[in-house]
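S.K.: These protein sequence lines map, in sequence, to chains A and B.
Okay, so the first sequence: first residue is 331 according to my numbering, each after it adds one.
Okay, so the second sequence: first residue is 90 according to my numbering, each after it adds one.
Glycine residues also receive a C-beta, built at the ideal position from the N, C-alpha and C atoms.
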Amino acid sequence: MIDRIQQLHSEAESAIALAASSAELEQLRVHYLGRKAELPQMLRGVAALEPAQRGAVGKAANQARQALEALIGARTDELAGGELEQRLRADSVDVTLPGAPPQPVGSLHVLSATRRELEDIFLGLGFTVMEGPEIETVHYNFDALNHSPTHPARARTDTFYVADDLVLRTHTSPMQVRAMEAHPPPLYVVIPGRVYRPDSDATHTPQFHQIEGLAVDEDITLADLKGTLLEFARAVFGDARNVRLRPHFFPFTEPSVEVDVSCFHCDGNGFLKDGSRCYLCKGEGWLEVLGAGEVDPNVYAYVPTTAENAPGYDPEKVQGFAWGLGVERIAMLKHGIPDLRLYYENDLRFLEQFS
Amino acid sequence: MRVPLPWLREYCDPDLDVRAIEERLTMTGTKVEAIHHHGVTSTDSFVVGRVLSAEQHPDADRLKVCAVAVGSDDGQPATIVCGAPNVAAGQTVAVARPGAVMPDGTKLKQAKLRGVTSEGMILSESELEISSGAEGILVLDELMLDAASSPEGELAPGTPLADVLAIAIDVLELEITPNRPDCLSVYGVARELHAATGAALSDAPWNDDPGSAGALSSAEVTVQCPDLCPRFTARVFENVTIAPSPLWLKARLTAAGQRTINNVVDITNYAMLLSGQPLHAFDLDRVAGAQLTVRRAHDGEQVQTLDGQTRTLDSEMVVIEDDQGPTSIAGLMGGSRSEVQPHTTRVLLEVATWSGPNIHRSSWALGLRSEASGRFEKGLQPEQCMHAQAIATRLMIELCGASVAPGTIDIGADGHASWTEAPPQTITLREARVQAILGVPVALARQQQILSALDFAVQPREHGLDVSVPALRRADVTREIDLIEEVARIDGLERLPATLPARRGAAGKLSHAQRVRRAAEDAMVGRGLHEIVGWSFANPELLDQLLLPSDHEMRRVIAVENPLSESQSIMRPTLLGSLLDAAQHNAARNGPDVAIFESGTVYRALGAPSPAGAPSAPSATGAPGATTGAGAELPADEHHGLGVLLSGALAPRSWRGEHREADFFAAKALLTGILDHFHLQWSVEPSTWPFLHPGRSAAVLAVATGQSEEQAVRLGFVGELHPLVAGAWDLGRTAAFAIDVGKLAALAAPVRAFQAFGAFPPLRQDLAVTLPESVSAAEALHSVRSAAGEMLDEVSVFDVYTGEQVGNERRSLALALSFRALERTLTDEDVAPVRERIVAALEAVGGELRG
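Structure (structure tokens):
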């Protein structure tokens, strides 16, 4: 009898191990452990055995049953896990299909992105961002910027007029005096904005964008201008950049300078590694990026002392620097954009490149 | 301005190569834009030759076969085939031997010409870039004369050509800033080079004047408008022989970019390039009455200029006339009637100072620009007149065999003889001030050295210098700061350290309005739109294309008085034009699906009511920095708008089949993305614009948090474009919105206050109701909210159905209701009475509960 139990046990053991599905396993459970199966019937028949055999047979049958139940349980879990895995595998997708629904990627215009980048650099240097009117008085655009009454820039060939005394501002500089009228020193501002000049060719568009800088305090020197613009140049064009100031002329700064940044394409050498001339700086090693200077004392004289800006701007007590840079130019240099007209054509193949 | 380097070195010759000179000039304010190489690149194989014989070519009528001594080692002459008609035996000529590289880059080889081997080339002036005009080969007779008087006594064949003729010249192309007309001259640049390098400066070329002052008898000049002519000088030369200029003069002028004409005209150009002051030569025998009058032109007066054109003048322009009428337009161009001719023997040399602004105006008004006008318009000093007269007088005597008549006509600013020089201005330069401005000290001795080199007279004083300004700098240098600039630029801006301002409490920041604008732009970028940057200018036709009636407020535009073209003659009153232009461009090139926005300024004439209905007084919206002059009046109504335009599909076609086309609701959804970002209470109400679809357009209204609806501000519009408008730009169904970002910023709270929320989940219920079509979704939701009270957390429409089941002129709205209480979880029993009130409220507006 005990032999038979062991036989059943090992027979069932191998069958359970070979069962390939939970349905097959259920059949085995019914076959070996179900109500009519041999092993349970043996257990039920233990009482009819001789007392000497009862203990051993009962124990053996019981152990076999428990062992098989545990085996079936374990095998059931095993098979269920595998079957889930199988179902999931059957449920696979082509992962190379595009995501849905499509999420189009938008973009700021490269001029906006550049303007923001520059604003952020100057914010970090402690400048506040101000804006001002594009339709501007002759007073702020020319007179208060020390342009003589007969200065050629005032001519209708050089400036758009909307009335005898109103122009489309030709630069962001008219905001210098407006800013000083509104605020006492110390004053640290940048003024981004759109400006206009009647030129239209490959290198000029009748509207373009500038960022004016103005710092006025007790002791702002030309060396401070150099340092500020060095930080700007490195932030925009890379940490290895240098700047140089070249003497120049503007009516509203004195001394006036043009500011060059060492060429980031050839590292300021003028020549590339293969010995060819750098196309970007044309072999000069420097890129002209903006005009600047110490604010001309005559400009302060145009700032009336008012309640807003008391104690006013006395050129013997305050001094400072100003610059004007072209956003289009910076973006052209930085991104290698070959033609100004691309900015205003707004072709999506252009716009998408700067997302 | 082109300056041939050898000419510059004649006056200042630092021991530096051309690159080092470029660097010094550029870094001291005279930017070298380019270094041109004029003439041949290598002087090798260019020699002096002597024509021993010139025989007719056997097979070519126009060619001669010449034997030319070229000093070759074997002593044999070279055979050279020459096509010039003037070649003849005995001439000393310029020869290029095989291997020579011509200025145009061609390398000369031995070549057969009609069967005869030519061992080189006899050169013309133009082949050597000495002049452009001369015909035939260059005959070096004049150099022979020079050589005859030299110790060698002879110009031997084989002598390197470069030893006797400037055939390879470096030319500096300089950018001269408008404040330095004194540097539009070789001597002016030489002074800069002197200051920049310390190399010696030769005496001014006008110091030695063979002419004399005093009355001049053979001509008369009257100046009727001395306000426009501060100085007028004239000299008379007799026995003038007109001839070609000597080679050295031709070579210099050609290298400087001037055409060579004849000795008299070339002398005027040479004197101008050297002194900066233009001159004009008259044939005195052709000056009617031997008198000149300087006067304003009459309005409409016509003058024929040297270039053969007839010019119509006005009374702001100045003419010079003789007894027969105008001969030239002052400062701009001479007339042909009295110009110097080949047979001219008496020359009147006019050198005058004209009002710079007046010349600038006349030049632009006539579209007539000349070398002279470009100089005069920058404002020359009267002293320069006699500089030019002195240089020209010496050359007239030397090169034209002329004798100078005694005396000089010299009429000054009062219109009478004679001109007198104003005393120089003296300015005090404080040593401390130099350091204060530059941020680095410059020794007083160095300051003195720099200013002296620049021709300033300098006297030391306590803690500084007293500085007198030379005449040629009087317009440019009037204040201490101008002197500081002179010191700074010559001492070297390279020496400046890079420092940062010592900050006194200024922190950089963006204004609230600027941050709102960035956030609104970012919201659109994040939803897949591309920003465009359009033109501020618009075509007036835009107003018609937008179907605006003649009295529409948007027609109160700002017009540009001097536009580049009619199509750019007004300032845009709306962003729609540039959005439509960009959409049209892209639809034509890149397909019909366009989703773009623009963030930019729009412009209205002052006093025009804004389209959004708000008062349009100049406001801070054009100046989101809000830091423009406090209360300062702005000249026009400018405000910053944000406009969106959608056309075609909203996203690329998906393999899953989702496909949405631009329509009213697509635009409104994007608008929602902006307005909800700022937590505004906002709504739309049906409203019409001429350019929008009348059934699919709405005004956008908003109030700040906590304000009542009566305080609602119109921010702008949202809608589908009228099909006629979209069609005018070749677009199909197109939706758009535009809002005033300044007003948006004014409503958006800079800081949000925290709102408490509970820990308990909401109870959600749906409700389907049919309503008359006349009841809008907003009205239905308003009824629901008013009836429900605080327990209703949210309500939204999640389905709309029209059809037979709900009857004519009715529709079914499915509403999602969400109830919530701060302190407990709600049950159906809790909300039952609320739901009843909601149903009653809906029934009150004609609603019937479905299902």
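Going along the chain, which residues of the segment 665-677 of chain A sit with their C-beta nearer than 7 Å to a C-beta in chain B?
M.R.: Answer set for the segment 665-677 of chain A: 673, 674, 675, 676 and 677.
S.K.: Give the secondary structure of residue 805 of chain B by DSSP, where H, G and I count as helix, E and B as strand, and everything else as coil.
M.R.: Here residue 805 of chain B sits in strand by DSSP.
S.K.: From this set, B:743, B:752 and B:744, which residue's C-alpha is nearest residue 737 of chain B's C-alpha?
M.R.: Comparing Cα positions, the closest option is B:752.
S.K.: Measuring straight from C-alpha to C-alpha, what distance separates residue 521 of chain B and residue 272 of chain B?
M.R.: Cα-Cα distance, rounded: 30 Å.
S.K.: Return yes when the Cβ of residue 227 of chain B is within less than 7 Å of the Cβ of residue 208 of chain B, no when it is not.
M.R.: Not a contact, by the Cβ cut-off of 7 Å.
S.K.: Quick one, which of B:733, B:667, B:113 and B:133 has its alpha-carbon nearest residue 196 of chain B's?
M.R.: Nearest option by C-alpha distance: B:133.
S.K.: If we cut at 7 Å on Cβ distances, does residue 588 of chain B have a partner in chain A?
M.R.: Yes, contact with chain A.
S.K.: With distances taken from CA atoms, which of B:410, B:359 and B:391 is nearest residue 378 of chain B?
M.R.: Cα-wise, what sits closest to residue 378 of chain B is B:410.
S.K.: Measuring straight from C-alpha to C-alpha, what distance separates residue 927 of chain B and residue 882 of chain B?
M.R.: Each residue's alpha carbon lies about 13 Å from the other.
S.K.: Taking 7 Å as the threshold (beta carbon to beta carbon), is residue 603 of chain B in contact with chain A?
M.R.: Yes, residue 603 of chain B lies at the interface with chain A (some Cβ there is under 7 Å from its Cβ).
S.K.: Between residue 284 of chain B and residue 539 of chain B, which are expected to be in contact by the criterion C-beta below 8 Å, what is the C-beta distance as a whole number of angstroms?
M.R.: At roughly 6 Å, the Cβ-Cβ gap stays under 8 Å, so residue 284 of chain B and residue 539 of chain B are in contact.
S.K.: Please list, in chain order, the residues of the segment 441-472 of chain A that have any C-beta partner in chain C closer than 8 Å.
M.R.: The structure shown contains no chain C; the protein chains it does contain are A and B.
S.K.: Rounded to whole angstroms, what is the Cα-Cα separation between residue 473 of chain A and residue 479 of chain A?
M.R.: Their Cα atoms are separated by approximately 7 Å.
S.K.: Measure how close the beta-carbons of residue 437 of chain B and residue 308 of chain B come, nearest whole angstrom, since I'm counting them as under 8 Å.
M.R.: That belief holds up - the Cβ atoms of residue 437 of chain B and residue 308 of chain B are roughly 5 Å apart, short of 8 Å.
S.K.: Note down the Cα distance separating residue 356 of chain B from residue 530 of chain A, rounded to an integer number of angstroms.
M.R.: Spanning the two alpha carbons is a distance of roughly 38 Å.
S.K.: Would you mind giving the Cβ-Cβ distance between residue 908 of chain B and residue 920 of chain B, rounded to the nearest angstrom? I have them listed as a contact below 8 Å.
M.R.: So it is a contact: roughly 5 Å between Cβ atoms.
S.K.: Buried or exposed: residue 503 of chain A, going by 16 or more other Cβ atoms within 10 Å of its Cβ?
M.R.: Looking at its Cβ environment, which holds 16 or more other Cβ atoms inside 10 Å, residue 503 of chain A is buried.
S.K.: Strictly below 7 Å CB to CB, what residues from chain B border residue 557 of chain A?
M.R.: Under the 7 Å cutoff, chain B gives 587, 588 and 589.
S.K.: Below 6 Å CB to CB, which residues in the same chain sit around residue 406 of chain B once its five sequence neighbours on both sides are set aside?
M.R.: Only 386 and 451 meet the Cβ criterion.
S.K.: Could you name the residues of chain A that residue 743 of chain B contacts, counting a contact when the two beta carbons are closer than 7 Å?
M.R.: Per Cβ cutoff of 7 Å: 430, 431 and 432.
S.K.: Ignore the nearest five residues each way along the sequence and tell me which others in residue 846 of chain B's own chain have a CB closer than 7 Å to its CB.
M.R.: Cβ within range, chain order: n/a, list empty.
S.K.: Check each residue of the segment 524-549 of chain A: if its Cβ is closer than 8 Å to any Cβ of chain B, include it; give the result in chain order.
M.R.: Cβ contacts with chain B: 524, 526, 528, 530, 536, 537, 545, 547, 548 and 549.
S.K.: Can you grab the Cα-Cα spacing for the pair residue 463 of chain B / residue 449 of chain B, in whole Å?
M.R.: Near 8 Å, if we compare the C-alpha coordinates of residue 449 of chain B and residue 463 of chain B.
S.K.: Mapping DSSP to helix, strand and coil, what is residue 586 of chain B?
M.R.: Coil.
S.K.: Would you call the CB atoms of residue 425 of chain B and residue 469 of chain B closer than 7 Å?
M.R.: Contact flag unset, no.
S.K.: For chain B, is any of its Cβ atoms less than 7 Å away from the one on residue 640 of chain A?
M.R.: False, the Cβ-Cβ gap to chain B never drops below 7 Å.
S.K.: How is the beta strand (DSSP E) around residue 139 of chain B delimited, first residue to last?
M.R.: Residue 139 of chain B -> beta strand (DSSP E) spans 135-145.
S.K.: Give me the Cα-Cα distance between residue 591 of chain A and residue 573 of chain A, rounded to the nearest whole angstrom.
M.R.: So the alpha carbons of these two residues sit roughly 5 Å apart.
S.K.: Output yes if chain B places a C-beta closer than 7 Å to the C-beta of residue 436 of chain A; else output no.
M.R.: At least one chain B Cβ lies under 7 Å of residue 436 of chain A.
S.K.: Can the beta-carbon of residue 654 of chain B be found closer than 7 Å to that of residue 623 of chain B?
M.R.: Contact flag unset, no.
S.K.: Cβ closer than 8 Å: which chain B residues qualify as neighbours of residue 490 of chain A?
M.R.: What residue 490 of chain A touches in chain B: 649, 650, 651 and 652.
S.K.: Give a yes or no on whether the C-beta atoms belonging to residue 324 of chain B and residue 508 of chain B are separated by under 7 Å.
M.R.: Contact flag unset, no.
S.K.: CB residue 910 of chain B to CB residue 876 of chain B, shorter than 7 Å?
M.R.: No.
S.K.: Counting only beta-carbon atoms, is residue 575 of chain A nearer than 7 Å to chain B?
M.R.: By this cut-off, residue 575 of chain A is an interface position.
S.K.: Do you know how far the Cα of residue 756 of chain B is from the Cα of residue 765 of chain B?
M.R.: Approximately 14 Å between the Cα atoms of the pair.
S.K.: Examine the Cβ distances between the segment 381-396 of chain A and the segment 405-417 of chain A and report whether three or more of them are shorter than 8 Å.
M.R.: Contact fails: fewer than three Cβ-Cβ distances are below 8 Å.
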